[in-house]
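Working notes, beginning with the structure itself.
Number of protein chains: 2
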Amino acid sequence: MRKEGDPSERATDGHEPRLSRASVGRLSLYLRHLEGLLHDGVHKVSSSQLGDSLGVTDAQVRKDLGSLGHLGHPGVGYAAAELIAAIRRALGIDREWRAALAGAGNLARALLRYHGFVSRGFRFVALFDADPAKIGQRIDGLEIHATAAIPAVIAATRAELGVLTVPAESCQSVAEAMVAAGVRGILNFAPAVLRLPPTVQVVSVDLTVQLEQLAFLVQWNGGEG
Amino acid sequence: MRKEGDPSERATDGHEPRLSRASVGRLSLYLRHLEGLLHDGVHKVSSSQLGDSLGVTDAQVRKDLGSLGHLGHPGVGYAAAELIAAIRRALGIDREWRAALAGAGNLARALLRYHGFVSRGFRFVALFDADPAKIGQRIDGLEIHATAAIPAVIAATRAELGVLTVPAESCQSVAEAMVAAGVRGILNFAPAVLRLPPTVQVVSVDLTVQLEQLAFLVQWNGGEG
DNA sequence: GGATGTGAACGACTTCACAGCG
DNA sequence: CGCTGTGAAGTCGTTCACATCC
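The following block contains the structure:
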């Protein structure tokens, strides 16, 4: 009944990108692959090389990269370092992002210890849990606060993003508390659909849905071995 | 350069569903919501009620449900119990799925302890890790085996699905070992793109990509607060 | 020659709108 | 009269194919 948070307006400077969700996902993959190439001393890459490594057509790669500006050199390919800078800028990850994490369970531990986030400029600056027994404990040096402390701690740490690894029952209220405290985007791992004002961006990672996707594919398209 | 594992052939009986990926994801959401409704004693639901709860248009809901057969009652709505049965069958989760988990870290712990999987018929039957120090230990009663044991253990447990929470460097080789041992679908959490034969179904949950999606949305579409 | 950039064709998914049924 | 089911229209994203440039 209501529309999705589709490509909307809002400019910040010169030419901001107007990219589809799918395109953003692929750019993220290109970025990681390009960093690997650069690390291996490869400085030039063509759309077909990039596509082959990632299971994407060369035309698709060119369309995606073309939307960032004229970065390619006909007959040669793309310069890895240039592409990396352009993609980081387009994705908005050419700066640090401060994130607050709610739900101090195993998934939270996994996220806190995953170094891939830090290397991309994502920093966890606050941690919350509803369990009184956990309050005051630390995970990786980050103190666990009560959910009642969300307003104060989010304000103090100036977290812009919220990551939810809480149970389904509490995700809506925790999300609302975070939004009220100033958080502008939420990454939701709880198995429930969040309903938030359209000014707040939500990305959901619903593990049950993903596993069921896989079961469906195997059931109906699976190899006939 | 190569095509995706798109909607393909393969029949098993009467009328198997020909559903898009997006549609399967929504059906999974409908299913969970319907189970909640039934639990609350609600037995009938209309497409607009269902859609409103999940942020989907009523027309979309009808299209999705229509593809499962004629389940609706004009002027009345849908019977929750009927829908649940039909969706479970369409998704292929009207039976048990046996899964093997590789990478015994915090993410693995989170998945093993998540009850939502068990209640949907997903059962973890094997656990692997590359770290010799972990071999023989148990998590939630499940013994950790060496990755060298993948062929024997997968064969013995008859796992059909593989879940990868290993580092990016090892995901390709672990996936190949699992596939060689008979696994027909892989849920990949490693931050890398798997290249496997098209007879093997792959669903990837790339947490870095998801976080970067969120950063992009907040950066460019975010509320102008 | 080799690779980019891009309109045009194509295909997939979503929304509209309304006939039809209980 | 309310709500489903569904062709038709519309929108969005991908692939094709080729002019263009180094």
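Protein chains in written order, with numbering that gives the first Met the number 0: chain X, 0 to 224; chain A, 0 to 224. C-beta atoms are modelled at their ideal positions from N, C-alpha and C, and glycine is treated no differently.
Taking 9 Å as the upper bound on Cβ-Cβ separation, chain X lies near residues Pro196, Pro197, Thr198, Val199, Gln200, Val201, Val202, Ser203, Val204, Asp205, Leu206, Thr207, Val208, Gln209, Leu210, Glu211, Gln212, Leu213, Ala214, Phe215, Leu216, Val217 and Gln218 of the region 195-218 of chain A.
Burial check for Arg119(A): the Cβ neighbour count within 10 Å reaches 16 or more, so the residue is buried.
When Cβ-Cβ separations below 8 Å define contact, Ala189(X) makes no contact with chain A. Per DSSP, the unbroken beta strand (DSSP E) holding Arg97(X) starts and ends at Trp96 to Ala101.
Taking all protein chains shown into account, His144(X) has 16 or more neighbouring C-beta atoms within 10 Å of its C-beta and is therefore buried. Membership of Gly76(X) in the beta strand (DSSP E) is indicated by the continuous run Gly76 to Ala78. With a 10 Å radius around the Cβ and a threshold of 16 neighbouring Cβ atoms, Gly140(A) comes out exposed. In chain order, Ala189, Pro190 and Ala191 place their CB closer than 6 Å to the CB of Ala167(A), counting only its own chain and leaving out the 5 sequence neighbours on each side. At least 8 Å separates the beta-carbon of Leu110(X) from that of Asp63(X). Gln209(A) is a Cβ neighbour of Leu186(X), given a cutoff of 8 Å. Under the three-state reduction of DSSP output, Gln136(X) falls in the coil class, being neither helix nor strand. For Ile143(X), no Cβ of chain A is located within less than 8 Å of the residue's own Cβ. Taking Leu37(X) as the centre and dropping the five residues before and after it, the same chain places the C-beta of Ala79, Ala80 and Ile83 closer than 8 Å to its C-beta, in chain order. Each residue's CA atom was taken as its position, placing Ser172(A) and Ile149(A) some 11 Å apart. A distance below 8 Å separates the beta carbons of Ala98(A) and Arg122(A).
Near chain A, meaning a CB-to-CB distance below 8 Å, the residues of the region 105-129 of chain X are Asn105, Leu106, Arg108, Ala109, Leu110, Arg112, Tyr113, Gly115, Phe116, Arg119 and Phe121. Taking a Cβ-Cβ cut-off of 8 Å, the neighbours of Leu53(X) in chain A comprise Val192, given in sequence order. For Val165(A), there are no neighbours in chain X by C-beta distance under 7 Å, as the nearest C-beta there is about 13 Å away.
The Cβ of Glu159(X) sits closer than 8 Å to at least one Cβ of chain A.
Secondary structure of Ser203(A) (DSSP, three-state): strand. Restricting attention to Gln212(A), Gln218(A), Ser203(A) and Glu211(A), the CA atom closest to the CA of Leu53(X) is found in Ser203(A). By DSSP's assignment, Ile185(A) forms a beta bridge with Gly161(A) and Val201(A).
In the DSSP secondary-structure assignment, Leu126(X) is bridged to Leu100(X) and Ile143(X). Residue pairing by DSSP places His72(X) opposite Gly76(X) in a beta bridge. For Val192(A), the secondary structure class from DSSP, reduced to helix, strand or coil, is coil. Judged by DSSP in its simplified three-state form, Val217(A) adopts helix. Short of 7 Å from the beta carbon of Asp93(A), and not among the five residues preceding or following it, lie these beta carbons of its own chain, in chain order: Arg87.
In the structure shown, the three-state DSSP call for Val44(X) is strand. Apart from the 5 residues on each side of it in sequence, Gln200(X) sits with its Cβ closer than 8 Å to the Cβ of Gly4, Arg183, Gly184 and Ile185 in its chain, given in chain order. Exposure of Pro196(A) is indicated by the presence of fewer than 16 other C-beta atoms within 10 angstroms of its C-beta.
Contacts with chain A (Cβ-Cβ distance below 7 Å) from the region 79-94 of chain X involve Leu90, Gly91 and Ile92, listed in chain order. Residues of chain X whose Cβ lies closer than 7 Å to the Cβ of Leu100(A) do not exist, since the nearest Cβ in that chain is about 12 Å away. Counting the other Cβ atoms within 10 Å of the Cβ of Asp128(X) gives 16 or more, which makes it buried. Cβ proximity to chain A below 9 Å picks out Ser47, Gly50, Asp51, Ser52, Leu53, Gly54, Val55, Thr56 and Asp57 from the region 47-76 of chain X. With a threshold of 8 Å between beta carbons, Leu33(X) makes no contact with chain A.
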